[in-house]
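**Student:**
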Amino acid sequence: MRSILYRHAIREALDEELARDDNVVILGEEVAQYNGAYKVTEGLWKKWGDKRVVDTPISEAGFIGMGVGASMLGVRPVMELMFWSFHSVAFDQLVNNAAFVRYMSGGLIHCPIVVRGPANGGTNVGATHSHTPEGLFASFPGLKVCSPATPADVKGLMKTAIRDNDPVYVMENTLLYGTEGPVPDPEDGDHLVPLGVADVKREGDDITLIAHGRSVLHALKAAEILDHDHDIDAEVIDLRSIRPLDEDAILDSVAHTNRAVVIDESKPFCGVSAMICTLLQEKAFDDLDAPILRVNSLDAPSIYSPGVENDQLPNPQRIVDKVLSIA
Amino acid sequence: MPAKKKSAAKKKQKSSPAKSRNEADKTSHPGGPHAEAEINRSFSDEQKVETFRTMARIRRFEQISLKHYNAGKMGGFLHLYIGQESVAVGTISLCGDHDHIITAYRDHGHALAVGMGMNECMAELFGKSTGCSKGKGGSMHYFAPDKNFWGGHGIVGGQTPLGLGLAYGLKYKDLKGCSLTFLGDGAINQGAFHESLNLAGLFDLPAIFIIENNGYSMGTSQKRSSVYPPGGLAQRAEAYGIDWASCMGENVYEVRAVTWEAMRRAHEESRPTVLEINTYRYYGHSVADANAKKYRSKEEVEKYQREHDPVQIWREILIAEGVLSEEKANKIDQEAKDEANAAAKFAEESPYPTVDDIMTDVYEEVDSGSEAGRTGTHFFNT
Numbered sequence: 000m001r002s003i004l005y006r007h008a009i010r011e012a013l014d015e016e017l018a019r020d021d022n023v024v025i026l027g028e029e030v031a032q033y034n035g036a037y038k039v040t041e042g043l044w045k046k047w048g049d050k051r052v053v054d055t056p057i058s059e060a061g062f063i064g065m066g067v068g069a070s071m072l073g074v075r076p077v078m079e080l081m082f083w084s085f086h087s088v089a090f091d092q093l094v095n096n097a098a099f100v101r102y103m104s105g106g107l108i109h110c111p112i113v114v115r116g117p118a119n120g121g122t123n124v125g126a127t128h129s130h131t132p133e134g135l136f137a138s139f140p141g142l143k144v145c146s147p148a149t150p151a152d153v154k155g156l157m158k159t160a161i162r163d164n165d166p167v168y169v170m171e172n173t174l175l176y177g178t179e180g181p182v183p184d185p186e187d188g189d190h191l192v193p194l195g196v197a198d199v200k201r202e203g204d205d206i207t208l209i210a211h212g213r214s215v216l217h218a219l220k221a222a223e224i225l226d227h228d229h230d231i232d233a234e235v236i237d238l239r240s241i242r243p244l245d246e247d248a249i250l251d252s253v254a255h256t257n258r259a260v261v262i263d264e265s266k267p268f269c270g271v272s273a274m275i276c277t278l279l280q281e282k283a284f285d286d287l288d289a290p291i292l293r294v295n296s297l298d299a300p301s302i303y304s305p306g307v308e309n310d311q312l313p314n315p316q317r318i319v320d321k322v323l324s325i326a
Numbered sequence: 000m001p002a003k004k005k006s007a008a009k010k011k012q013k014s015s016p017a018k019s020r021n022e023a024d025k026t027s028h029p030g031g032p033h034a035e036a037e038i039n040r041s042f043s044d045e046q047k048v049e050t051f052r053t054m055a056r057i058r059r060f061e062q063i064s065l066k067h068y069n070a071g072k073m074g075g076f077l078h079l080y081i082g083q084e085s086v087a088v089g090t091i092s093l094c095g096d097h098d099h100i101i102t103a104y105r106d107h108g109h110a111l112a113v114g115m116g117m118n119e120c121m122a123e124l125f126g127k128s129t130g131c132s133k134g135k136g137g138s139m140h141y142f143a144p145d146k147n148f149w150g151g152h153g154i155v156g157g158q159t160p161l162g163l164g165l166a167y168g169l170k171y172k173d174l175k176g177c178s179l180t181f182l183g184d185g186a187i188n189q190g191a192f193h194e195s196l197n198l199a200g201l202f203d204l205p206a207i208f209i210i211e212n213n214g215y216s217m218g219t220s221q222k223r224s225s226v227y228p229p230g231g232l233a234q235r236a237e238a239y240g241i242d243w244a245s246c247m248g249e250n251v252y253e254v255r256a257v258t259w260e261a262m263r264r265a266h267e268e269s270r271p272t273v274l275e276i277n278t279y280r281y282y283g284h285s286v287a288d289a290n291a292k293k294y295r296s297k298e299e300v301e302k303y304q305r306e307h308d309p310v311q312i313w314r315e316i317l318i319a320e321g322v323l324s325e326e327k328a329n330k331i332d333q334e335a336k337d338e339a340n341a342a343a344k345f346a347e348e349s350p351y352p353t354v355d356d357i358m359t360d361v362y363e364e365v366d367s368g369s370e371a372g373r374t375g376t377h378f379f380n381t
């Protein structure tokens with residue numbers, strides 16, 4: 000299978016969906032003429048023109064809300080947040096309008112929008128630009144959230160998100176844009192990854208590592224170390240989709256390994272990892288031979304300092320240490 | 000859509016200043032000078048009477064809803080539109096197949112003006128499953144997409160980008176229409192509104208923002224909450240290169256004449272407009288803060304009711320034109336009252352949603368039973 004970059008996998012997904020459906024329109028800051036802050040949309044404006052790929056002002060509440068309104072009339076906007084960290088200035092539109100308009104209208108309206116962009120720390124940009132809000136948005140019924148770790152998954156999930164009739168928030172990662180991985184060739188058919196289906200990225204018997212986004216890569220690296228240095232065979236579950244969530248994949252794995260560590264770049268309080276722990280406590284209590292532990296970012300605003308930021312984030316060594324404490 | 004820049008130098012447009020009924024009476028037409036506007040010359044007698052009927056229905060609907068609110072039949076808020084009826088009815092009377100409407104939480108008037116039924120609207124207030132939103136939205140969240148009505152939105156100014164998006168959608172689909180986005184004078188200081196204006200001007204969108212200036216941003220008068228340009232609130236549009244106009248809202252003819260100019264600009268030139276329509280609400284911001292006397296005098300309210308009441312003014316104009324008789328007007332009003340009372344009975348007798356109903360209408364894919372809706376866990380009830 001050919002190997003392509005994560006950013007190119009997203010671009011390919013957008014390009015294919017622009018071709019498939021005339022109602023798909025790409026909107027965001029510098030997505031068109033500048034080719035995207037992270038070059039995700041590179042070449043799309045040149046190919047598709049002003050109508051389909053649209054530069055917006057730095058005006059997140061305005062253009063996100065505009066996309067929500069347009070989606071009510073059947074347009075399918077795919078809107079880039081240059082950083083998901085900027086969600087806070089568009090929060091009313093992202094939650095009250097996009098998530099709730101269907102419910103408040105008694106099901107008369109739906110909002111087929113996609114909001115996508117990077118949501119991660121690790122690039123020394125400080126607390127305002129390092130938010131990981133996947134748990135926050137997954138807490139609002141009406142929204143769907145996914146956080147793909149690999150080029151193949153981000154392509155397949157992006158295409159699915161664009162075709163979904165509900166609002167889907169795709170959380171990417173600036174540190175993954177330059178990573179490479181196998182992605183099926185478009186000539187072999189549409190590559191779609193459903194929302195709500197996790198992926199076993201590594202099979203194992205001794206402990207389950209549950210992660211999403213870039214933390215999956217850390218978990219895979221930790222699994223290698225555990226195997227090589229400690230003779231521990233870890234299974235790695237990549238959630239891919241946060242809401243809807245593949246509960247069965249998590250429960251099946253833990254029923255097999257009887258131990259779990261959850262890795263989540265979000266802060267520990269009320270994040271995705273906390274939700275997974277609750278799920279396991281409620282539905283896998285009898286399968287567990289040890290407490291469920293977590294590896295999160297250290298519980299402070301994201302630090303700038305290039306000398307220590309990586310120590311605030313989950314990393315393979317922190318995962319290994321946590322596993323060894325219960326294995 | 001190209002993000003091309005337009006010249007910010009826009010001609011400002013201001014309709015004739017405030018006219019009291021007495022001034023209007025001095026003109027040759029009993030409806031005042033705006034009655035002679037082209038759009039009003041093509042306003043049929045039948046349409047005029049229907050406009051009166053809609054205004055009467057809004058007033059009676061709200062009076063009856065207040066009675067039942069005070070009797071404890073409803074929860075939450077009740078933001079009454081009484082006093083402002085001519086604004087929704089006059090503007091919406093101009094709408095064609097591709098013109099879309101969105102407003103804030105004071106939405107009963109717009110809902111009835113677009114043709115929603117009293118039963119579904121009243122039942123929504125009562126929180127019943129027969130309500131327009133099945134009891135899930137309440138007073139502030141009426142919707143009727145089949146009538147181009149997109150809410151009913153609870154957060155001040157939060158609907159303005161959505162109205163912008165409706166205009167964007169129309170232009171994207173190459174449809175000749177516009178969006179009428181209603182907002183109160185209290186919403187004009189919200190950031191989302193200003194972002195919407197910039198985008199509307201920048202993208203040449205057929206979006207009309209109608210500031211219904213009732214003088215009070217909740218309990219704080221406009222004078223105490225906003226910086227006023229000399230031409231009024233709508234003049235702020237100049238900063239965004241957008242045409243604007245300001246008018247009085249008590250006369251349906253004036254509302255229609257001024258709004259039609261904006262709609263024509265939207266339809267023919269795909270350009271936005273900001274309108275300020277001056278009006279007045281007789282009740283509090285909401286029933287919850289009904290003691291509006293704290294920030295305005297009883298005399299002020301009574302003077303407006305006596306001299307500027309839009310339902311009475313329209314009735315008198317139509318009678319003077321010979322389009323309506325006292326007898327017919329009374330009959331229409333009585334029918335409106337009866338209809339509102341019947342709607343309250345309907346609402347009262349309707350069932351509440353069930354507990355199971357709480358969990359529907361969250362995700363389209365789940366409700367439709369699609370494969371996407373059946374994949375993974377969507378709900379996490381404990």
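Note that the protein sequences, when read in sequence, are chains Z and S. The opening position of the first sequence corresponds to residue 0 in numbering that gives the first Met the number 0, with each subsequent residue numbered one higher. The opening position of the second sequence corresponds to residue 0 in numbering that gives the first Met the number 0, with each subsequent residue numbered one higher. Positions of the beta carbon are idealized from the N, C-alpha and C atoms, including for glycine. Source: prediction; values computed, not measured.
Which whole-angstrom value describes the C-beta separation of Leu77(S) and Val286(S), a residue pair presumed to lie in contact below a C-beta threshold of 8 Å?
**Tutor:** 4 Å
**Student:** Taking the C-alpha atoms as reference points, what is the distance between Thr102(S) and Gly74(S)?
**Tutor:** 21 Å
**Student:** When the Cα of Leu174(Z) is compared with those of Gly212(Z), Val94(Z), Asp184(Z), which residue comes out closest?
**Tutor:** Of the candidates Gly212(Z), Val94(Z), Asp184(Z), Gly212(Z) places its Cα closest to the Cα of Leu174(Z).
**Student:** Between Leu198(S), Gly218(S), Asp184(S), Val226(S), which lies nearest to Asn212(S) when the distance is taken from Cα to Cα?
**Tutor:** Asp184(S)
**Student:** Expressed to the nearest angstrom, what Euclidean distance is found between the alpha-carbon atoms of Val182(Z) and Phe208(S)?
**Tutor:** 47 Å
**Student:** Quick check on Asp184(Z): buried or exposed, where buried means 16 or more other Cβ atoms within 10 Å of its Cβ?
**Tutor:** exposed
**Student:** Does Thr149(Z) come within less than 9 Å of chain S when only Cβ atoms are used?
**Tutor:** no
**Student:** Compare the C-alpha of Lys158(Z) against each of Ser64(S), Lys222(S), Tyr281(S), Ala371(S) and name the closest.
**Tutor:** For Lys158(Z), the nearest C-alpha among the options comes from Ala371(S).
**Student:** Alpha carbon to alpha carbon, what distance is there between Ala261(S) and Glu268(S)?
**Tutor:** 10 Å
**Student:** Grab me the residues of His128(Z)'s own chain with a C-beta within less than 7 Å of its C-beta, minus the 5 sequence neighbours each way, in chain order.
**Tutor:** Closer than 7 Å at Cβ, skipping near neighbours: Phe82, Ser84.
**Student:** Starting from Ile100(S), follow its DSSP beta bridges and name the residues at the other end.
**Tutor:** Phe148(S), Leu179(S)
**Student:** Among the candidates Asp226(Z), Asp165(Z), Ile275(Z), Ser301(Z), whose CA atom is the shortest distance from the CA of Val365(S)?
**Tutor:** Asp165(Z)
**Student:** In angstroms, rounded to a whole number, what distance separates the CA positions of Ala69(Z) and Gly155(Z)?
**Tutor:** 24 Å
**Student:** May I have the straight-line CA-CA distance separating Cys120(S) from Met54(S), to the nearest angstrom?
**Tutor:** 15 Å
**Student:** Go through the region 217-280 of chain Z residue by residue and report every complete run of the beta strand (DSSP E) that reaches 3 residues or more, in order.
**Tutor:** 233-237, 240-242, 259-263
**Student:** Going by the CB atoms, is the gap between Asp98(S) and Ser382(S) shorter than 9 Å?
**Tutor:** There is no way to answer for residue 382(S), as the model of chain S reaches only from 0 to 381.
**Student:** So, is the C-beta of Glu281(Z) closer than 9 Å to a C-beta in chain S?
**Tutor:** yes
**Student:** With H, G and I counted as helix, E and B as strand and the rest as coil, what does DSSP make of Pro76(Z)?
**Tutor:** Looking at Pro76(Z) - three-state DSSP - the assignment turns out to be strand.
**Student:** Counting Cβ pairs closer than 8 Å, one from the region 238-257 of chain Z and one from the region 200-209 of chain Z, do we hit at least three?
**Tutor:** Taking 8 Å as the limit for Cβ pairs, the verdict is that the region 200-209 of chain Z does touch the region 238-257 of chain Z.
**Student:** Excluding five sequence neighbours on each side, which residues of the same chain lie with their C-beta closer than 8 Å to the C-beta of Pro290(Z)?
**Tutor:** Answer for Pro290(Z): Ile325, listed in chain order.
**Student:** Nearest by alpha-carbon distance to Leu135(Z): which of Ala273(Z), Asp310(Z), Ser214(Z), Pro193(Z) is it?
**Tutor:** Ala273(Z)
**Student:** Closer than 9 Å, CB to CB, is Trp243(S) near chain Z or not?
**Tutor:** no
**Student:** Taking only beta-carbon atoms, is Glu370(S) less than 9 Å away from chain Z?
**Tutor:** yes
**Student:** Starting from Asn197(S), find everything on chain Z with Cβ-Cβ shorter than 8 Å and list it in chain order.
**Tutor:** Listed by position along chain Z, the residues whose Cβ is nearer than 8 Å to that of Asn197(S) are Pro56, Ser58, Gly61.
**Student:** Taking the continuous alpha helix (DSSP H) assigned at Gly155(Z), which residues delimit it?
**Tutor:** Gly155(Z) -> alpha helix (DSSP H) spans 150-162.
**Student:** Taking just the CA atoms, how far does Pro117(Z) sit from Glu41(Z)?
**Tutor:** As the crow flies, the alpha-carbon of Glu41(Z) is around 16 Å from that of Pro117(Z).
**Student:** Consider the Cβ of Ala238(S): report whether some Cβ of chain Z lies at a distance smaller than 9 Å.
**Tutor:** no
**Student:** Can you name the residues that DSSP bridges to Glu171(Z)?
**Tutor:** Pro117(Z)
**Student:** DSSP puts Ile3(Z) in a beta bridge; with which residues?
**Tutor:** Gly180(Z)
**Student:** Using CA atoms only, rank isn't needed, just tell me which of Cys110(Z), Leu72(Z), Leu250(Z), Ala137(Z) is closest to Asp198(Z).
**Tutor:** If we check each option's Cα against that of Asp198(Z), Leu250(Z) comes out closest.
**Student:** Alpha carbon to alpha carbon, how far is Ile276(S) from Arg242(Z)? Give it in angstroms, no decimals.
**Tutor:** 44 Å
**Student:** Tell me where the beta strand (DSSP E) around Ile207(S) begins and ends.
**Tutor:** Residues 206-212.
**Student:** How many angstroms separate the CA atom of Gly180(Z) from the CA atom of Ala151(Z)?
**Tutor:** 7 Å
**Student:** Taking the CB atoms as reference points, tell me whether Phe62(Z) and Met78(Z) lie closer together than 9 Å.
**Tutor:** yes
**Student:** Hey, is the region 308-317 of chain Z in contact with the region 262-279 of chain Z, meaning 3+ C-beta pairs nearer than 8 Å?
**Tutor:** Touching, yes.
**Student:** Do you know how far the Cα of Asp163(Z) is from the Cα of Glu11(Z)?
**Tutor:** 18 Å
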